[in-house]
Structures are given as C-alpha cells and as structure tokens.
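If you're matching positions, the sequence shown starts at 223 in the numbering used here and goes up one per residue.
Glycine included, each C-beta is placed from N, C-alpha and C at the ideal position.
So the structure is just underneath, and the comments pick up after that.
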Amino acid sequence: MESCKYHLDTPPNFSCDECQENFCTQCVDHSMAGEARCFQCGARLRVRVTADSIEPLSKRLKGAFRYPLHLNAVAFIIGLSVVTTLLSALPIGGLLQFIALLFCSGLAINYSFLCLKATSVGHMEPPGLGEAVEGSFSILIRLFAVFFLIAMSFNYLGQFMGPVTAVLSIITLVVVMPAVLMCFAMKDHIMEALNPVNVVGLIRKTGWPYWVLVLFLFIMLSSVSLLSGLIGNEQHALSAIVQSSISSYYLMVEFHLMGYLLYQHQEKLGLASDDIEEKLLQLQSPEKVALAHVNFCLKEGDYERVETILQDAISADPKNTRLWQRYFDVLCKLEDRVRLQKVADRYFHHLLDSAQTFRMLRDVKKLRSLIPDYMPEYAHLRFHLANEYYNSGDARAAVQLLGGMHRRFPDYAKLVEAYGLMKQALEALPGMEAQVSKCESLLVHLQRQ
C-alpha cells in the first residue's frame, strides 16, 4: 500500500513530480483555490486518488442496495415496470408491441449505464429521469452488437474447437462479462469493449475486488430468479409488475457496483472523478495553511523555518489562539528558552484577553519546567497566575508570584487584592505565622494609601 511520506497509515492524495514524493492532504499547501502546492519546493502537485483512499467495494454493499431507493430511481423502476406490463397486455400488433417493448428495454439499459457512468466519476445518486431517454436506441444497438459478436465468437468456438472448449468459453464469458460492460462504459466503443487487452487489463488493474464483484453479481442474479419464483404468476399483472421492478432494482444495484469499482480504481484506469478532485483542492484558511506548513517543517527538522512561519502567521492574525498555542507548544518542544522568555508574557496576555484562562496554569507549569525562575514582567499577569496556582492548591507558588509586588509595581491598582490573596496563601502554609503578620501589616498600610 502506498502512503503519504509523513503519515504511513494514510493513502497519498498528491504527488510532487519535482521531489518524487507522495503526500496526503494534511501535508500540502492549500493557500490557493483550485490547486495544491508542495511545501518543500513550491511546485504544483498532481492529484492522486488511490484505491486505498476510497471505501472498499465490500463496504459499499449497504449503500449499493440503498442506491435504487432514491426518488428518481424508484420513479423510473415503478414507471417502467407498469408501462412494460401494460404494453405486454395490450392487443396491438406483434411488430408494434415488439418495438414498444424494445424501446422500454432501451430505456432500462440506458438508465443503468447512466448509473454506471455517474458512479464511476463519483456521483453516488442516480441521474435524473430526463437523461434516461437520451440515446436509448444508440446504447441498445451497440450493446446488441457487443452481445451478437460475442455469441458469434462462441458459436464459432463450439463448432470448430469442440464442446469442452465451448463450455470453458461460456464460463470465461460469465467471468469477464462485467469487465466487458465496464470497458464499454469507459471507452464508449464496441471494439474497445471487446478488445481482450482492455478486458484483461481492467481485471488485472482492479485485482481481487473484481472477483468480489463477480461473486456479488452471481449472488444477485440468483436472488432475482429465486424471488421471481416465490412471487409466481397467480395474479398475472401484479406479479409481472413486481417481477419487473425486482429485476430493474437488482440491475441498477449491479451497474452501480460496477461503476463503483471503476471509481475506486480510477487512478489505475485513467479516469477522473468530479467530486474528489474538487474536495482535495479546496481553499483553506491562512491559519490552517500555516499549521500544516509548521507540521511539515517539524517533520523535516527545519525548526528555524517553523518559528518564522508562526511568527508571520501571528503577526497577520494576532488574536488567533490556535496559532499562539501552537507557537508556545513548539517552543517548549524545542526547548528554546531564549525565545520562550521573550514570548511567554505576550502569550499569557493573549490568553487573558481571549478568556482562555483555563489554559494558563497548565502552560505556566510547562514553561517553569524549562525556566524554573520565570517571573512575568506585568503585575496583572502575576496576580492572575497566582490566583490560578492558589485555586489549584499550590499556595507556595502563589506566594512566590506575589512577593515584592508593592516594590516592583507600586502603582498597580489591585495591590490590595493581590496582598489579600498572598495573606490567604501564607495562612495555608505551615510555619508561616511571622510572614502572615508582616503581610497583614503591609495590607493595612496599602489600604490606608
């Protein structure tokens, strides 16, 4: 299984022809709509849709059986079944009746092929009813030509190669017929659909899922026969409508599954789905692009570039908490104490302004594990951090943060509150009676000012 260069359990969505590397959607630059670029070299990336990136055929079965239950499909199935039954019962001439029923067959086959083609490019809902009439006879005639040529070939084999060869050929036909139909849907050409190179190539490229598909189709064909037998012919008109509806329902499921196999293996088969490329090339916000670029550079070990990206992103969007949080976490991970000392106060100030105080205690503890003597340069930060420590049960850290604030920040408006908190913190510590007394005296002095 192919994988993204940096996410070994994720199928690749993009390839860089310059770097010769594969990437998932998390590892590329989505800063421009309609394209993705390589973070490493800046080249435009080629979109890839590998079979591993799409839900496997075996897990699509539940959705496949729901596929014909869409309003368009249900209306088509019931309407066609009723019309076919009425035409069969009408006392009209044999040729006229044959032509009418042939037209209905053309509608059914055309709509089923439309379902196959639509699914193969990523549309997981049946096409509109108006499309069912378009080109019905064209598809019917070409399909008839395909079946006629196959029948003539097997007749020739039976006459000149013996009955054993004929039986083996029929078994082979059963196995390869889905591939023939899929080739016909892909190429839209009779000889291309019958070309053994194309048929064998499709089977080889799709691999074992093709054999799973053949097994599913065989089971569904058997189910149609079984259900038709159970329904019987006692009420001729009603049973005919029900049997026709069941046949059309299963036919639609079968063609949908064939289309899904093409959709799943579109990269190998040279197809291009409409939906996936559009989703993969969506424009992302500057924040998401910056964070993706940071993750890319971290995996590459380009730590200087990481800091530059985050600094630029924060300068462009200074109120973005995710960017600030990522910047702080990266600096801690890199143990960049010099940069942390410069950034810490700005970071905690941002948390206060953005009402993210619940992060403060966790992050100041992380910071102090790297810079044990860290002390904020601003009085309001010391007071808020001391509050966080005290409320978490760490009175000693609160005392350390509040100590000497009257000398360092004599004009701070909340000095009385700060020393009131310090008194509470000292009272919570054993053997601090003398310090509590001094704090009370200082508090009285501050209150008189």
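**Prompt:** Between residue 263 and residue 488, what straight-line distance do the alpha-carbon atoms span, to the nearest angstrom?
**Reply:** Translated into the one-based positions of the sequence shown, residue 263 becomes position 41. Translated into the one-based positions of the sequence shown, residue 488 becomes position 266. A straight-line Cα-Cα distance of about 27 Å links residue 263 and residue 488.
**Request:** Tell me whether residue 268 is buried or exposed, calling it buried when 16 or more other Cβ atoms sit within 10 Å of its Cβ.
**Result:** Looking up residue 268 in the sequence shown gives position 46. Label assigned to residue 268: exposed.
**Asked** Alpha carbon to alpha carbon, what distance is there between residue 365 and residue 372?
**Response** Numbered from its first residue, the sequence shown carries residue 372 at position 150. Numbered from its first residue, the sequence shown carries residue 365 at position 143. Counting only the Cα atoms, residue 365 lies some 11 Å from residue 372.
**Item:** As assigned by DSSP and simplified to three states, the class of residue 595
**Value:** Taking the first residue of the sequence shown as position 1, residue 595 is located at position 373. Residue 595 falls in the coil class under three-state DSSP.
**Item:** residue 299 to residue 519 span [Cα, whole Å]
**Value:** Sequence index remark: in the sequence shown, residue 299 carries index 77 (1-based). Sequence index remark: in the sequence shown, residue 519 carries index 297 (1-based). Roughly 55 Å separates the two Cα atoms.
**Item:** Residues near residue 457 in its chain [Cβ-Cβ closer than 8 Å; skip 5 each side]
**Value:** Position 235 of the sequence shown, counted from the first residue, corresponds to residue 457. Reliability fails at residue 457, whose pLDDT of 48 lies under 50, so the model's placement of it is uncertain and the value that follows must be treated cautiously. For residue 457, there are no CB contacts under 8 Å within the same chain when 5 residues up- and downstream are skipped.
**Request:** Counting only the same chain and skipping the five closest in sequence on each side, list residues whose C-beta sits under 7 Å from that of residue 603.
**Result:** Indexing the sequence shown from 1 puts residue 603 at position 381. Residues 567, 570, 571 of the same chain have their beta carbon placed closer than 7 Å to that of residue 603, with the five preceding and five following residues left out of the count.
**Message:** Does residue 430 pass the burial test, meaning 16 or more other C-beta atoms within 10 Å, or should it be called exposed?
**Reply:** On the sequence shown, position 208 is the one that residue 430 refers to. Per the 10 Å Cβ criterion, exposed.
**Message:** Going by beta-carbon coordinates alone, are residue 289 and residue 349 separated by less than 8 Å?
**Reply:** One-based indexing of the sequence shown puts residue 289 at position 67. One-based indexing of the sequence shown puts residue 349 at position 127. No, the Cβ-Cβ distance between residue 289 and residue 349 is not below 8 Å.
**Message:** Rounding to the nearest angstrom, what Cα-Cα distance links residue 238 and residue 244 in this structure?
**Reply:** On the sequence shown, residue 238 is found 16 positions in, with the first residue counted as 1. On the sequence shown, residue 244 is found 22 positions in, with the first residue counted as 1. Using only the alpha carbons, I get a separation of about 6 Å.
**Prompt:** Among 435, 434, 468, which residue has its Cα nearest to the Cα of residue 445?
**Reply:** Position 223 of the sequence shown, counted from the start, is the residue given in the question as residue 445. That would be 468, whose Cα lies nearest to the Cα of residue 445.
**Prompt:** In terms of DSSP beta bridges, what is residue 243 paired with?
**Reply:** Stepping through the sequence shown from its first residue, residue 243 is reached at position 21. 238, per the DSSP bridge assignment.
**Message:** Check this for me: beta carbons of residue 279 and residue 479, under 8 Å apart or not?
**Reply:** To locate residue 279, count along the sequence shown from 1; it is residue 57. To locate residue 479, count along the sequence shown from 1; it is residue 257. Cβ distance < 8 Å, so residue 279 and residue 479 count as in contact.
**Asked** According to DSSP, is residue 270 helix, strand or coil?
**Response** Translated into positions along the sequence shown, residue 270 becomes position 48. If DSSP states are grouped into helix, strand and coil, residue 270 belongs with coil.
**Message:** Looking at the secondary structure, which residues open and close the alpha helix (DSSP H) in which residue 557 lies?
**Reply:** Counting from 1 along the sequence shown, the entry for residue 557 is found at position 335. Counting along the chain, residue 557 sits inside no alpha helix (DSSP H), nor does DSSP assign it H or E at all.
**Request:** Check the C-beta distance from residue 233 over to residue 224 and give it rounded, since I have them as a contact under 8 Å.
**Result:** As a position in the sequence shown, residue 233 is number 11, starting the count at 1. As a position in the sequence shown, residue 224 is number 2, starting the count at 1. Sure, about 6 Å apart at Cβ, within 8 Å.
**Prompt:** Using DSSP with H/G/I as helix, E/B as strand and the rest coil, what is residue 282?
**Reply:** Here residue 282 is taken as the residue at index 60 of the sequence shown, counted from 1. The answer is coil: DSSP assigns residue 282 none of H, G, I, E or B.
**Prompt:** For residue 251, which of helix, strand or coil comes out of DSSP?
**Reply:** If you number the sequence shown from 1, residue 251 lands on position 29. Note: residue 251 maps to strand in three-state DSSP.
**Request:** Would you kindly report the start and end of the unbroken alpha helix (DSSP H) that includes residue 618?
**Result:** As a first step, residue 618 is located in the sequence shown; it is residue number 396 there, counting from the start. First-last of the alpha helix (DSSP H) with residue 618: 617–624.
**Item:** residue 516, enclosing alpha helix (DSSP H) - first and last residue
**Value:** Mapped onto the sequence shown, residue 516 falls at position 294. Per DSSP, residue 516 is one residue of the alpha helix (DSSP H) stretching across 508–522.
**Closest Cα partner of residue 340 within the set 477, 622, 511** = As a position in the sequence shown, residue 340 is number 118, starting the count at 1. Looking at the Cα atoms, 477 is the closest of the given residues.
**Prompt:** Could you give the distance in angstroms between the alpha-carbon of residue 336 and the alpha-carbon of residue 466?
**Reply:** On the sequence shown, residue 336 is found 114 positions in, with the first residue counted as 1. On the sequence shown, residue 466 is found 244 positions in, with the first residue counted as 1. Distance from the CA of residue 336 to the CA of residue 466, rounded to the nearest whole angstrom, comes to 19 Å.
**Message:** Please return the same chain residues whose Cβ sits closer than 8 Å to the Cβ of residue 598, not counting the five positions on each side in sequence.
**Reply:** As a first step, residue 598 must be located in the sequence shown, where it is residue number 376. Sequence-distant Cβ neighbours of residue 598 in its own chain, meaning closer than 8 Å and more than five residues away, are 566, 567, 570, 604, 607, 623.
**Message:** For residue 589 and residue 270, what's the separation of their Cα atoms in angstroms?
**Reply:** Sequence index remark: in the sequence shown, residue 589 carries index 367 (1-based). Sequence index remark: in the sequence shown, residue 270 carries index 48 (1-based). Spanning the alpha carbons of residue 589 and residue 270 requires a straight line of approximately 42 Å.
**Nearest-angstrom beta carbon gap, residue 539 and residue 509 [assumed within contact, 8 Å]** = On the sequence shown, position 287 is the one that residue 509 refers to. On the sequence shown, position 317 is the one that residue 539 refers to. With 8 Å as the limit, residue 509 and residue 539 qualify as a contact, their Cβ atoms being about 7 Å apart.
**Prompt:** If we ignore side chains and look at the alpha-carbon of each, how far apart do residue 389 and residue 330 end up?
**Reply:** Translated into the one-based positions of the sequence shown, residue 389 becomes position 167. Translated into the one-based positions of the sequence shown, residue 330 becomes position 108. Cα to Cα, residue 389 sits roughly 30 Å from residue 330.
**Message:** Taking the alpha carbon of residue 345 as the reference point, which residue from 576, 617, 500 has its own alpha carbon closest?
**Reply:** Residue 345 sits at position 123 when you count from the first residue of the sequence shown. Residue 500 is the option with its Cα nearest to residue 345.
**Item:** Whole-Å CB distance - residue 503 paired with residue 277, under 8 Å assumed
**Value:** Within the sequence shown, numbered from 1, the residue matching residue 503 stands at position 281. Within the sequence shown, numbered from 1, the residue matching residue 277 stands at position 55. Incorrect: roughly 21 Å between the Cβ atoms, too far for contact.
**Message:** Which same chain residues end up closer than 8 Å to residue 669 when comparing Cβ atoms and leaving out the 5 residues on each side of it in sequence?
**Reply:** Stepping through the sequence shown from its first residue, residue 669 is reached at position 447. Excluding residues within five positions, the ones whose Cβ falls inside 8 Å are 638.
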